[in-house]
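In full-length UniProt numbering, the protein residues as written are 1 to 148.
Glycine included, C-beta positions come from ideal geometry on N, C-alpha and C.
Here's the structure, in structure tokens; my notes come after.
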Amino acid sequence: MWEFTSGIPPFKYEEHDFHLSISICEGERPGIIENTPKCFVDLMEKCWDTDPENRPTIKELEYKISEWIRCINRYYALNRDGSYGFAVPGINSKLENDMLEFVKASNTLVQEQTNITNISFIQSHSQAYSASHKPTSTSDHSECMIVD
């Protein structure tokens, strides 16, 4: 979800190694991107919960995101002039507020993109991506292992 708001994979500029894995297990997360709708941040942070039982299921994610998309599409179909002062018929106020957060964030992003005149190529860390491989011995890192 974070990649949708940033446009780049999380931890793109860091080596994808054992240390990064441990940091993530200990709660490290990428920073929230400015102007990300609060409803999206809240859902993303639920996905990051350290307890898997507290995370939304894929069905819950699909339902929530589909609702947002449906409402946003309806908003744009009904409101082509860019004002925010109307209610979309048939949705509750929470969903409408979420939808308006996305619309405002989208408008802000469009404005920021029009202000960008020089986009430079951004190089990722050379070890940011790795192919699947057989785990090596863990004796070097046994002090970091989680034991129940």
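The Cβ atoms of ARG29 and PRO10 sit closer than 9 Å to each other.
Secondary structure of ILE32 (DSSP, three-state): coil. Taking all protein chains shown into account, TYR75 has 16 or more neighbouring C-beta atoms within 10 Å of its C-beta and is therefore buried.
In this structure, DSSP gives ILE8 a state outside helix and strand, which the three-state scheme calls coil. 9 Å or more divides the Cβ of TRP68 from the Cβ of LEU100. Judged by DSSP in its simplified three-state form, ASP42 adopts helix. In chain order, THR5 and SER6 place their CB closer than 6 Å to the CB of ILE33, counting only its own chain and leaving out the 5 sequence neighbours on each side. Its chain contains LEU43 and CYS47 as the residues whose beta carbon lies nearer than 8 Å to that of LEU61, once the 5 sequence neighbours on both sides are disregarded; these appear in chain order.
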